[in-house]
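Heads up: the sequence shown begins at 386 in the working numbering, then just goes up one per residue.
Take a look at the structure set out below.
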Amino acid sequence: MEETAGNPLYYSYRNCRNSVALHEDLLSKDFLAKSGQAYMFQHAMNIIVRAKEDTKLITGYYTIAKILCSKCSEEMGWTYVRAYEAPNKSKEGKYIVEEAKISKNTETKLDLDSES
386 MEETAGNPLY YSYRNCRNSV ALHEDLLSKD FLAKSGQAYM FQHAMNIIVR
436 AKEDTKLITG YYTIAKILCS KCSEEMGWTY VRAYEAPNKS KEGKYIVEEA
486 KISKNTETKL DLDSES
């Protein structure tokens, strides 16, 4: 786990400071969402996963589920449930979180109670 002065680097939701993902789970910063840039994470925590829905995104057709902060219930992105095209299968099970809705942290206690 990447650390700074003994504290793990992690991302939290800007509105309520709820822990969302560890820095070591960051896979890519090259995604787009409603608000602009988005990050892909291997794992996410302290989230609510909504019902699955089929949608067409820039890179193809997917079944996704929107994800919400478990503390304040604000929408923060989505998870890929299924990719219908072979080149996108690697996205399945990954989490996309809007960059504008999170911040990088090291200074406060990391809440790991609700890992996904």
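For glycine and all other residues, C-beta sits at the position ideal for the given N, C-alpha and C.
The structure displayed is predicted, hence computed values, not measured ones.
Residue range of the beta strand (DSSP E) that residue 419 falls in?
Here the question's residue 419 lines up with position 34 in the sequence shown. Note, residue 419: premise wrong, no beta strand (DSSP E); not H, not E.
Less than 7 Å separating the beta-carbons of residue 456 and residue 403?
In the sequence shown, residue 456 corresponds to position 71, counting from 1. In the sequence shown, residue 403 corresponds to position 18, counting from 1. Contact flag set, yes.
Can you tell me where the beta strand (DSSP E) with residue 453 in it begins and where it stops?
Within the sequence shown, numbered from 1, the residue matching residue 453 stands at position 68. Looking at the DSSP string, the run of the beta strand (DSSP E) that includes residue 453 is 445-454.
So if DSSP puts residue 407 in a beta bridge, which residue, or which two residues, is it bridged to?
Within the sequence shown, the letter at position 22 stands for residue 407. Answer by DSSP bridge pairing, in chain order: 395.
What are the boundary residues of the beta strand (DSSP E) that includes residue 478?
Numbered from its first residue, the sequence shown carries residue 478 at position 93. Element bounds for residue 478: n/a, residue is neither H nor E.
Are there 16 or more other CB atoms within 10 angstroms of the CB of residue 395, so buried, or fewer, so exposed?
Residue numbering aside, residue 395 sits at position 10 when the sequence shown is read from its first letter. The residue is buried, with at least 16 neighbouring Cβ atoms inside 10 Å.
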